[in-house]
Ligand code: ADP
Ligand code: MG
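Numbering (the working numbering), first residue to last: 39 to 737.
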């Protein structure tokens, strides 16, 4: 039967209602078009044969020519299995099937030449393959492909026949019964010409049934380009539409006493980078269009003061502002440093967290609603229903990636009638490629310079043998009036173990640093916020010499007098996290140190992480390395947002394609933002049509 692109998958021979439902439920594939957009993720070279003796890599796939010399069913009941022995001129390998093997018993003949394909399992010197494919020489016709596609699948799908072989069979059915010419082109001809891309119809045939290596490479190139290009085009158009649509509060004047603050009360001269970023923000605030800006700046680059200036600008125009921070500790720090900065001009700010209750809380809420309170600082407690502003004009969000999109939206909705301006601050240096994909529809400002007179932090890698030396050094620094952080890692995400680990470290520490004369703060996630705060405060005020902590201090904490950051079990931390932690020191004028303690036996990745840390302090280089080592998945906490659910492109590997795609998308949106030009009609359709988007992503 002839198939159409919109035929339900159940119409395909070999699918039917039950397996159709499976595909619908597991992958969201409902019609033929979505199925053919389900791509293989790699290919196997079927012309290559390996001698059994040369197959030496565990878990690798091999194709072998030889003969079955033995076949026997073993075991009873659920333990029943089929065991075979396969031989070539170099050696033998064991084959095992645990189920569905009756047809092999029926079909296989000993001592006849067969080809075998499967994943090698090495157990000592013993070689075996479970559920290998055997080619008995009869089914060659339909799948005599040199490059055999491997499809993403899950255990559940594979059990019901949708392993790679199953997908291949179905794709074969589809392409037997469909005329590839019905597959529409999705990119305008001028783009195909410009980049010399093959047609979509060719690509869809070729991605499933590759002709040769070269054309497969071109096919993949086109599909990756298309995916990244449409993603960028969509983002840039969204940004355009948002700007066109969303009026923002115009804020154009700087009055007494705010003007005086800018002119006289800044505690230091802004760096050129801070000034540049503030000017970008200011232009947004004046523009009458709602601001959505990401302020990106490495740890210690001085984002706080820039945010404060933006807030004062908004307040000078009669609006209220707030800062939302991801943790209590951070909110408290912001509150303290802002209160101090604002002393000379006597602007009130208040701290609101879930621990602030009763009359104090009521008082804050009242002054907020009346409009008397201009600056509210807090945690996610700010998004609660009861928190009502009189005239919210600017929202500052610190460390964006910790808040969900929904939480942010709740905060935005507290401003009426227009959305407030939004400034998001992040210290996570995001590599350009990732930023392009994640925040493609935010304007981005980068503070790419540290305040002057910062000495580079010296980073050292110590193993246990040097612990004595480390403690001697700490004593010397403490004697000179400096303070020290010691950070312990999260262990298997168990808070309990975490604290045990920290307790043990603390006990050991006491042998070298008895109380008195030494004073030590201990901070971890289990402490009540009040205690956490008082412990933090003791360190901030300089009462304690050492702060022993879990990673709760990772973000934001600012104690310029601290000069040593010791990171225990450094091999357990990710690169970005190490960098964030190191950023807690080197904030004053003194020489600072970061000591990475680790065991002697490090994995390749851990070695690479520690080496990178010792070599550079540049947050962007570190983020690039992190992306390389980890892949983009964990970097951002945005997985659920769907932005990075790419089907075929890879943010790390395909950077050049991404840049080209971004450039093209920018040029098009600049000239024809609403895609009204006849040449761009295909693109317009494509952006409006989501049915072919991401038919299923396997988590
Ligand atoms: P981050 O970007 O990590 O949030 P902060 O805003 O906490 O950085 O600033 C780090 C430290 O640098 C603070 O102690 C701050 O007072 C100081 N600082 C910020 N800007 C400057 C500047 N232009 N000159 C000197 N010190 C500055
Ligand atoms: Mg900060």
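Even for Gly, the Cβ is constructed at its ideal location relative to N, Cα and C.
Rounded straight-line distance, which links the Cα of residue j to that of residue i
i, j, result
"residue 382", "residue 570", "29 Å"
"residue 102", "residue 619", "52 Å"
"residue 318", "residue 603", "34 Å"
"residue 229", "residue 658", "32 Å"
"residue 241", "residue 234", "13 Å"
"residue 514", "residue 698", "54 Å"
"residue 271", "residue 475", "11 Å"
"residue 140", "residue 55", "25 Å"
"residue 220", "residue 481", "40 Å"
"residue 554", "residue 97", "58 Å"
"residue 665", "residue 138", "42 Å"
"residue 129", "residue 104", "10 Å"
"residue 673", "residue 587", "With a pLDDT of 46 at residue 673, under the threshold of 50, the modelled position of that residue is not reliable, and the figure given next carries that caveat. Cα to Cα, residue 673 sits roughly 23 Å from residue 587."
"residue 60", "residue 196", "11 Å"
"residue 716", "residue 708", "16 Å"
"residue 756", "residue 58", "Shown here, the chain extends from 39 to 737; a query on residue 756 therefore has no answer."
"residue 684", "residue 76", "12 Å"
"residue 700", "residue 723", "19 Å"
"residue 548", "residue 559", "12 Å"
"residue 148", "residue 118", "21 Å"
Closer than 8 Å: residue i CB and nearest the ligand SAH heavy atom
i, result
"residue 312", "The ligand SAH is not among the ligands present in this structure, which contains only the ligand ADP and the ligand MG."
Where residue i falls, given that 16 or more other Cβ within 10 Å makes a residue buried
i, result
"residue 530", "Note that residue 530 scores 49 on pLDDT, short of 50, meaning its location in the model is unreliable; the coordinates nonetheless yield the value given after this. It counts as exposed."
"residue 163", "exposed"
"residue 520", "buried"
"residue 718", "buried"
"residue 107", "exposed"
"residue 91", "exposed"
"residue 642", "exposed"
"residue 263", "buried"
"residue 161", "exposed"
"residue 502", "exposed"
"residue 66", "exposed"
"residue 437", "buried"
"residue 542", "exposed"
"residue 451", "exposed"
"residue 400", "exposed"
"residue 421", "buried"
"residue 288", "exposed"
"residue 40", "exposed"
Chain D contact for residue i (CB, 9 Å cutoff)
i, result
"residue 152", "Included in the structure is just one protein chain, with no chain D present."
CB of residue i within 9 Å of CB of residue j, strictly
i, j, result
"residue 155", "residue 171", "yes"
"residue 123", "residue 89", "no"
"residue 363", "residue 431", "no"
"residue 589", "residue 615", "yes"
"residue 286", "residue 327", "yes"
"residue 509", "residue 585", "no"
"residue 166", "residue 142", "no"
"residue 145", "residue 174", "yes"
"residue 696", "residue 266", "yes"
"residue 540", "residue 551", "no"
"residue 338", "residue 488", "yes"
"residue 402", "residue 394", "yes"
"residue 576", "residue 598", "no"
"residue 209", "residue 73", "yes"
"residue 456", "residue 435", "no"
"residue 335", "residue 485", "yes"
Cβ neighbours of residue i in the same chain (closer than 7 Å, five flanking residues each side left out)
i, result
"residue 409", "358, 428 and 429"
"residue 322", "329, 331 and 459"
"residue 693", "471"
"residue 704", "274"
Cβ neighbours of residue i in the same chain (closer than 6 Å, five flanking residues each side left out)
i, result
"residue 632", "495, 497, 603 and 620"
"residue 340", "312 and 489"
"residue 628", "601"
"residue 296", "350 and 354"
Same chain, Cβ closer than 8 Å to residue i, five either side skipped, listed in chain order
i, result
"residue 387", "373, 376, 377, 380, 411, 412, 413, 414 and 415"
"residue 727", "none"
"residue 84", "101, 155, 183, 184, 185 and 186"
"residue 93", "100, 102, 131, 158 and 165"
"residue 720", "223, 224, 225 and 226"
| message | With a threshold of 8 Å, are at least 3 pairs of Cβ atoms found where one atom belongs to the stretch 634-647 and the other to the stretch 608-615? | response | yes
| Touch check for the stretch 43-62 and the stretch 205-216: three-plus C-beta pairs under 8 Å? | yes
| request: Evaluate contact between the stretch 364-378 and the stretch 478-496, counting only Cβ atoms and requiring at least three cross-stretch pairs below 8 Å. | output: no
| request: Examine the Cβ distances between the stretch 187-198 and the stretch 78-88 and report whether three or more of them are shorter than 8 Å. | output: yes
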